[in-house]
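Asker: In mature numbering (1 follows the signal peptide of the UniProt record, and there is no 0), the protein residues as written are -29 to -1, 1 to 508. For glycine and all other residues, C-beta sits at the position ideal for the given N, C-alpha and C. Just so you know, these numbers come straight off a predicted model, no measurement behind them.
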Amino acid sequence: MNSKPAVFVLRMRLHLLLCLLLLGSLAYAQGVGDEEEEEIEEDDDADDGIVEEEAEEPAAVREKMLYQRPEPVGKTFFCEPFDTRAEFLQRWVISQAKKEGVEEDVAKYDGRWSVEEPEDNPILQDLGLILKSKAKHHAISVNLTETFHFTDKPLIVQYEVRFQNGIDCGGAYIKLLSKPQGDELKLKTFTDKTPYTIMFGPDKCGNDYKLHFIFRHKNPVTGEFEEKHAEKPSAKIDTFFTDRKTHLYTLTVRPDNSYELKVDNGVVASGDLLSNMSPPVNPPKEIEDPNDKKPADWDDREKIADPDAKKPDDWDETEPATMIDEDAEKPEGWLEDEEVYIPDPSATKPEDWDDEMDGEWEAPRIDNPICADVPGCGKWEPPTIPNPKYKGVWRAPMIDNPDYKGEWKPRRIENPHYFEDKEPFKMTPIEALGLELWSMSNDIMFDNFIIADNETVIEEFTAVTWELKSNQERAAASTGGWWHTIKSSADERPWLWAVYVMVVLLPIMLLSICLCPRAGPIKVKKCRPVVTSSDSS
């Protein structure tokens, strides 16, 4: 009498639970994209290689901000917002050189570049430098407005990157090219061998996500240069490569030798040129003597066999480790006349089998079906068991070595190549900026390069460039509705598709079981209406 209302209540609770599960999953998809950005902010917030620009109809579906040329307020050593294609052609130089040490057909820097609007441009008529080719060498460079000298002010370099098609294997880093001594920097011959002072920016291959900061340090003794690599960022950076949004990369190197790497205004790595680079800027004061050798009488054995120990008289080394079990008996039903494996009776000799060439044909052997239901087939042999008399080879016990001198190490001497550079910040002056890249992905966008020595100048420039662009991208994503939200989240994290499938299929399966428990899956004709006590009256 009271069972029907109870079943109805149970079903309603299940329905409510399933609805909450679906809503919770959608809410998770809505928020998961913003979560990682908040974490970062909380830490600190033709033949010439140029593609002809094609006219595109402006999108009028959603109102967008119209591009206005950003003007830095204060001194800069370089600023490039890619305002017009004409200015780009006047300033930037495509490399005409060939890469050394590779095959001729891939040696040329023939990757294509274009200045155009990116896909789904958040700001109308805002142009960027686009790397257009896959699996090609690209090299392009530009002279700074003014050479940067490392004196008493910081170096701040910043630019935007957007992987429009994601990134499989390739880089989007820049090189700050060194000013030659007594010679002119020839940008048309820019290659991977061109001396640079700093290399900075994102790089990825496979599941290895990197944010490079490398500087070339000049040895004050020999005059030779050596690359110094900063420690890897402690923050998670893989989302910046996968979400297909515009990200801001900032490097600051200060006269006190400190450095800071930011992505989207959030610090992802920081350190000191003297203590956080590999190999270290300064070599050790002492080194192991390469000419020192271990004395012939040096005993570095901590333990030795006891020379006074003797093998006991009753120790028999001839006894085997195992022996035949004399008490074992053949199991009843064992068929010794039957073979374990027999020729396959269903096998036939191939038509192209040549006995002279291939030998006499034999059918492949299979398990004997008669042996499947008996203890065994073939010749029975008693099993082996551990030999209780077995002792093995006698060895003397180990004791402390009275002549032990410890682990030998070469003596330490003064490093003849030692030097101490207390100001590694004072690097080789920078004269140009270059991109020398290989990528398996195309349509990588670069924009809003700026180099300055004043953080306020950078901050104000960022406010009218990347911050506006990032806000527009977020606004565009929010107007896409719930489907756009869950799709973009799954594009960044493919495993979410499995969650979505479970969210959709699991409620259907559970509803089928709950509503039609006897009929299994939902079958409308067999479903019975739920009758409440009020209906029955």
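1. Could you check the C-alpha separation between Lys181 and Glu90 for me, to the nearest Å?
2. What number of angstroms, rounded off, separates the C-alpha of Gly242 from the C-alpha of Glu273?
3. Just list the beta strand (DSSP E) runs in the segment 156 to 189, keeping only unbroken ones of 3 residues or longer that don't cross its boundaries, in chain order.
4. If contacts are defined as beta-carbon pairs under 8 Å, then Met411 and Asp139 qualify, I think. What distance do you get, rounded to the angstrom?
5. Please return the same chain residues whose Cβ sits closer than 7 Å to the Cβ of Arg62, not counting the five positions on each side in sequence.
6. Return the chain-ordered ranges of every beta strand (DSSP E) run that is complete within the segment 61 to 104 and spans a minimum of 3 residues.
7. Select from Thr319, Asp315 and Met328 the residue whose C-alpha is nearest the C-alpha of Asp338.
8. Per DSSP, what kind of secondary structure is Arg40 in: helix, strand or coil?
9. Buried or exposed: Lys175, going by 16 or more other Cβ atoms within 10 Å of its Cβ?
10. In this structure, how does DSSP classify Phe119 when only helix, strand and coil are distinguished?
11. Kindly indicate which three-state DSSP category Asp243 falls into: helix, strand or coil?
12. Could you give the distance in angstroms between the alpha-carbon of Trp305 and the alpha-carbon of Gly349?
13. Mind checking Ala334: buried by the 16 CB within 10 Å criterion, or exposed?
14. Is it buried or exposed for Phe186, if we count other Cβ within 10 angstroms and need 16 for buried?
15. Is the distance from the Cβ of Gly405 to the Cβ of Phe161 below 8 Å?
16. What span of residues does the alpha helix (DSSP H) with residue 531 cover, start to end?
17. Under the three-state reduction of DSSP, which class applies to Glu28: helix, strand or coil?
18. So Thr436 and Pro125 are supposed to be a Cβ contact under 8 Å. How far apart are they, rounded?
19. Since Tyr80 contacts Ala110 with CB under 8 Å, what's their CB separation in whole angstroms?
20. Pick helix, strand or coil for Ser441, following the three-state DSSP scheme.
21. Suppose you measure from the CA of Lys35 to the CA of Phe119; what does that come to, to the nearest Å?
22. Which residue wins for smallest C-alpha separation from Val77, given the options Lys107, Pro359 and Val345?
23. Helix, strand or coil, according to DSSP, for Glu310 in the structure here?
24. Going along the chain, which residues of its own chain have a beta-carbon closer than 8 Å to the beta-carbon of Gly363, five neighbours each way excluded?
25. Could you tell me the alpha carbon to alpha carbon distance between Lys347 and Ile341, rounded to whole angstroms?
26. Can you determine whether any heavy atom of the ligand MN sits closer than 7 Å to the C-beta of Gly72, and answer yes or no?
27. To the nearest angstrom, how far is it from the Cα of Val238 to the Cα of Pro204?
28. Below 8 Å on the Cβ atoms is my contact criterion, and I expect Ile127 with Ile429 to pass it. Report the Cβ-Cβ distance as a whole number of Å.
29. Taking the C-alpha atoms as reference points, what is the distance between Glu75 and Ala68?
30. So for Glu297, helix, strand or coil by DSSP?
31. If we ignore side chains and look at the alpha-carbon of each, how far apart do Pro357 and Met294 end up?
32. Going by beta carbon distance, what residues of the same chain come within less than 6 Å of Ile370, once the five residues before and after it are set aside?
33. Apart from the five residues on each side of it in sequence, which residues of its chain come closer than 8 Å, Cβ to Cβ, to Leu148?
34. Let me know if Thr217 comes out buried or exposed under the rule of 16 or more other beta-carbons within 10 Å of its beta-carbon.
35. Going residue by residue through the segment 359 to 387, where are the continuous alpha helix (DSSP H) segments of at least 4 residues, counting only ones entirely within it?
36. If you follow the beta strand (DSSP E) that Ala201 is part of, which residue opens it and which one closes it?
Answerer: Based on what the coordinates show:
1. Straight-line Cα distance between these residues: approximately 25 Å.
2. Cα-Cα distance, rounded: 43 Å.
3. Qualifying beta strand (DSSP E) stretches, in chain order: 167 to 176 and 179 to 189.
4. Correct: roughly 5 Å between the Cβ atoms.
5. Within the same chain, Arg62 has close Cβ partners Val113.
6. DSSP runs (the beta strand (DSSP E)) wholly in the segment 61 to 104: 84 to 87 and 99 to 102.
7. Ranked by Cα distance from Asp338, the first of Thr319, Asp315 and Met328 is Asp315.
8. Three-state DSSP puts Arg40 in coil, outside helix and strand.
9. Looking at its Cβ environment, which holds 16 or more other Cβ atoms inside 10 Å, Lys175 is buried.
10. It is a strand residue.
11. Three-state DSSP puts Asp243 in a strand.
12. Between the alpha carbons of Trp305 and Gly349 lies a gap of roughly 8 Å.
13. So Ala334 ends up on the exposed side.
14. With 16 or more other Cβ atoms inside 10 Å of its own Cβ, Phe186 counts as buried.
15. Phe161 sits close to Gly405, with the two beta carbons spaced by under 8 Å.
16. With the chain covering -29 to 508 only, the question about residue 531 has no answer from this structure.
17. Unreliable positioning characterises Glu28 in this predicted model, as indicated by a pLDDT of 48, which lies under 50. A coordinate reading is not provided.
18. About 20 Å separates the two Cβ atoms, so there is no contact after all.
19. About 4 Å; that satisfies the 8 Å criterion.
20. Correct three-state label for Ser441: helix.
21. C-alpha separation (whole angstroms): 37 Å.
22. Comparing alpha carbon positions, the residue from Lys107, Pro359 and Val345 closest to Val77 is Lys107.
23. The DSSP-derived three-state label of Glu310 is coil.
24. If we look at Gly363 and ignore the five residues flanking it on each side, its Cβ neighbours are Glu288 and Ala292.
25. Inspection of the sequence shows that residue 347 is occupied by Gly rather than by Lys. Cα to Cα, Gly347 sits roughly 9 Å from Ile341.
26. Inclusion of the ligand MN in the displayed structure is not the case, the ligand content being empty and no account of it being possible.
27. In a straight line, the C-alpha of Val238 is about 9 Å away from that of Pro204.
28. Right, their Cβ atoms sit about 5 Å apart.
29. If you take the alpha carbons of Glu75 and Ala68, they lie about 12 Å apart.
30. Here Glu297 sits in coil by DSSP.
31. Rounded to the nearest whole angstrom, the C-alpha separation of Pro357 and Met294 is 6 Å.
32. Here the set comprises Asp277.
33. Ser112, Leu156, Phe161, Thr165, Pro166, Tyr167, Thr168, Ile401, Glu402, Ala403, Leu404 and Gly405, listed in sequence order.
34. Looking at its Cβ environment, which holds 16 or more other Cβ atoms inside 10 Å, Thr217 is buried.
35. The segment 359 to 387 contains no complete alpha helix (DSSP H) run of 4 or more residues.
36. Run containing Ala201: Phe196 to Ala201, per the beta strand (DSSP E) assignment.
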